[in-house]
Amino acid sequence: MDSHIGLVEWVWELYGKGKLLLGVDERLDHELDLDKKQLECLMIVGLWCAHPDRSLRPSIRQAIHVLNFEATYPNLPSKMPVPLYHIFSPSVSSGSGEPSITSSVGYQATS
Numbered sequence: 001m002d003s004h005i006g007l008v009e010w011v012w013e014l015y016g017k018g019k020l021l022l023g024v025d026e027r028l029d030h031e032l033d034l035d036k037k038q039l040e041c042l043m044i045v046g047l048w049c050a051h052p053d054r055s056l057r058p059s060i061r062q063a064i065h066v067l068n069f070e071a072t073y074p075n076l077p078s079k080m081p082v083p084l085y086h087i088f089s090p091s092v093s094s095g096s097g098e099p100s101i102t103s104s105v106g107y108q109a110t111s
């Protein structure tokens with residue numbers, strides 16, 4: 001693993017290359033004789049839970065359903081999405097009445 005890349009980014013890169021199981025510790029694979037399908041499922045759900053857009057992360061119930069093979073795998077992009085941040089940029093308006101400040105996300109405060 002590249003020392004300059006985070007764990008989630010590294011696993012997502014393996015996922016995109018179709019080599020997800022290369023991220024499994026060899027000691028676990030040899031000592032525990034784990035089921036490859038279960039390992040792949042666990043790692044995909046892990047990526048889903050770590051999705052940069054928190055609105056696209058699963059509920060616990062959704063994750064459990066996939067882990068129990070009761071639902072299909074999530075449709076994750078092959079490349080890790082770049083996180084987006086909403087920036088608060090207030091605009092001050094002064095008209096009749098009290099001055100107010102509104103933001104780009106719709107919050108309005110009056111003084």
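Final position of the sequence shown in our numbering is 111; the numbers increase by one with none missing. For every residue, glycine included, the Cβ atom is placed at its ideal position computed from N, Cα and C.
Beta-carbon proximity check, residue i vs residue j, cutoff 8 Å
| i | j | result |
| --- | --- | --- |
| LEU39 | LEU21 | yes |
| VAL11 | LEU47 | yes |
| VAL8 | ALA71 | no |
| ASP83 | PRO58 | The sequence given here places Pro at residue 83; Asp does not occur at that position. Contact: no. |
| GLY23 | MET43 | yes |
C-alpha gap between residue i and residue j, whole angstroms
| i | j | result |
| --- | --- | --- |
| ILE64 | LEU56 | 16 Å |
| SER78 | LEU32 | 29 Å |
| GLY16 | PRO81 | 12 Å |
| LEU76 | LEU14 | 13 Å |
| PRO52 | GLY6 | 13 Å |
| ASP112 | HIS4 | Residue 112 cannot be examined here, being either before or after the span of the chain that is shown, 1 to 111. |
| GLN62 | LYS36 | 21 Å |
Where the alpha helix (DSSP H) through residue i begins and ends
| i | result |
| --- | --- |
| ILE44 | 36-49 |
| ALA63 | 60-67 |
| GLU13 | 7-16 |
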